[in-house]
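Trainee:
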Amino acid sequence: MSLPIANTQSKAFSIVRATKQLFSFGWEQALSCLFPVVIFASLALTQVIPLPFLARYDWLLIICILMQWWMVRSGLETKDELKVITLFHLIGLALEIFKVHMGSWSYPEEGYFKIFGVPLYSGFMYASVASYLCQAWRRLNVDLVKWPPFLVVVPLATAIYLNFFTHHYWIDIRWWLSVLVIIVFWRSWVTYEVRGTRYRMPIAFSFVLIGFFIWVAENIATFFGAWEYPNQTEAWSLVHLGKVSSWLLLVIVSFLIVATLKLVKNKIPNLK
76 MSLPIANTQS KAFSIVRATK QLFSFGWEQA LSCLFPVVIF ASLALTQVIP
126 LPFLARYDWL LIICILMQWW MVRSGLETKD ELKVITLFHL IGLALEIFKV
176 HMGSWSYPEE GYFKIFGVPL YSGFMYASVA SYLCQAWRRL NVDLVKWPPF
226 LVVVPLATAI YLNFFTHHYW IDIRWWLSVL VIIVFWRSWV TYEVRGTRYR
276 MPIAFSFVLI GFFIWVAENI ATFFGAWEYP NQTEAWSLVH LGKVSSWLLL
326 VIVSFLIVAT LKLVKNKIPN LK
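In this note's numbering, the protein residues as written are 76 to 347.
#1: How many angstroms separate the CA atom of residue 181 from the CA atom of residue 193?
#2: Just how far apart, CA to CA, sit residue 287 and residue 90?
#3: May I ask whether a heavy atom of the ligand HEM can be found less than 7 Å away from the beta carbon of residue 297?
#4: How is the alpha helix (DSSP H) around residue 152 delimited, first residue to last?
#5: For residue 243, which residues from the same chain have a beta carbon less than 7 Å from its beta carbon, with the 5 sequence-adjacent residues on both sides left out?
#6: Once DSSP output is grouped into helix, strand and coil, what is the label at residue 91?
#7: Secondary structure at residue 273, three-state DSSP: helix, strand or coil?
#8: Between residue 99 and residue 270, is the Cβ-Cβ spacing less than 8 Å?
#9: Between 196, 156, 152, 186, which has its C-alpha nearest residue 167's C-alpha?
#10: Let me know the alpha helix (DSSP H) ranges lying completely inside the region 182–250, each 4 residues or longer, listed in chain order.
#11: Can you grab the Cα-Cα spacing for the pair residue 190 / residue 291, in whole Å?
#12: Run the CB neighbour count on residue 140, radius 10 Å, all protein chains shown included, and call it buried at 16 or more, exposed below.
#13: Taking the Cβ atom as the reference point for each residue, do residue 147 and residue 154 lie within a distance shorter than 8 Å?
#14: Going straight from the alpha carbon of residue 201 to that of residue 143, what length do you get?
#15: Could you pull the DSSP bridge partners for residue 264 from this structure?
#16: Does residue 257 pass the burial test, meaning 16 or more other C-beta atoms within 10 Å, or should it be called exposed?
#17: For the alpha helix (DSSP H) containing residue 111, list its first residue and its last residue.
#18: Within the same chain, show all residues whose beta-carbon is closer than 6 Å to that of residue 203, passing over the 5 residues directly before and after it, in chain order.
#19: Is residue 220 closer than 8 Å to residue 211 when the C-beta atoms are compared?
#20: Check whether the Cβ atoms of residue 229 and residue 94 sit closer than 8 Å, and answer yes or no.
#21: Would you kindly check if the distance between the Cβ of residue 327 and the Cβ of residue 282 is under 8 Å?
#22: Rounding to the nearest angstrom, what Cα-Cα distance links residue 214 and residue 103 in this structure?
#23: Apart from the five residues on each side of it in sequence, which residues of its chain come closer than 6 Å, Cβ to Cβ, to residue 160?
#24: Using DSSP with H/G/I as helix, E/B as strand and the rest coil, what is residue 292?
#25: Determine the burial state of residue 324: buried for a count of at least 16 other Cβ atoms within 10 Å of its Cβ, exposed for fewer.
#26: Go ahead and label residue 274 buried or exposed: buried means 16 or more other beta carbons lie within 10 angstroms of its beta carbon, across all protein chains shown.
Set out below in structure tokens:
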């Protein structure tokens, strides 16, 4: 039994349109990831090609600074976005200094531009996450639906960030914080636009997706020697899947900061 011609054509049109939408979404995501891609490419190239005069970590810092300058100069990033990215650089650098001091990971190579054993380029890896969020927000015309109140979001983000420090001296409450995130954002959605069509996704699910892909990126970064976990001293090995929870919480902090700053700047109502 054959399907009516009109029905077949309608299905074919739907498949073509869905493919175009998926390609456009992927393209916008790829453009939003430009800064992280440059960092990964630099890690790979400097691992293979020895550079003169300076240590590898120092060259990575120079590359990151030039990339950041070019993105602002070319208009790919706005000055307001640069402020957000700089904030993330400082937040990430503070976390790196503490974690290296506690022995969570290390930067074994030499470099002139290091603070307490942490190369300054490392802050740009956190800044690149903020760069992605800001770029994707603008390119996909992201909007927030039923966003929790400011007085809930800020303490939650603060508690998640502080737990990265305090769990070395006290109990690790990351799972309690994860449950709290689900409760707080249970009714919250993020909407985005692709080729004039708006889609929506639960915010909690978007956290999980971004956290997972950052874990994948972390494996690539450690493979190219961006930093080194204790179990990777002798030979590289896959980063433990449990690290996804850490990146998930870090993504949540990143998203909450960017979202809060966007809401404050644009004076978007908290609830829709």
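Positions of the beta carbon are idealized from the N, C-alpha and C atoms, including for glycine.
Mentor: Reading from the atomic positions:
#1: 8 Å
#2: 28 Å
#3: Here there are no bound small molecules, and the ligand HEM is not part of this structure.
#4: Looking at the DSSP string, residue 152 is not in any alpha helix (DSSP H), and its letter there is neither H nor E.
#5: 177
#6: helix
#7: strand
#8: yes
#9: 196
#10: 197–214, 225–241
#11: 27 Å
#12: exposed
#13: yes
#14: 13 Å
#15: 220, 277
#16: exposed
#17: 109–123
#18: 110, 111, 114
#19: no
#20: no
#21: yes
#22: 7 Å
#23: 202, 205, 206
#24: helix
#25: buried
#26: exposed
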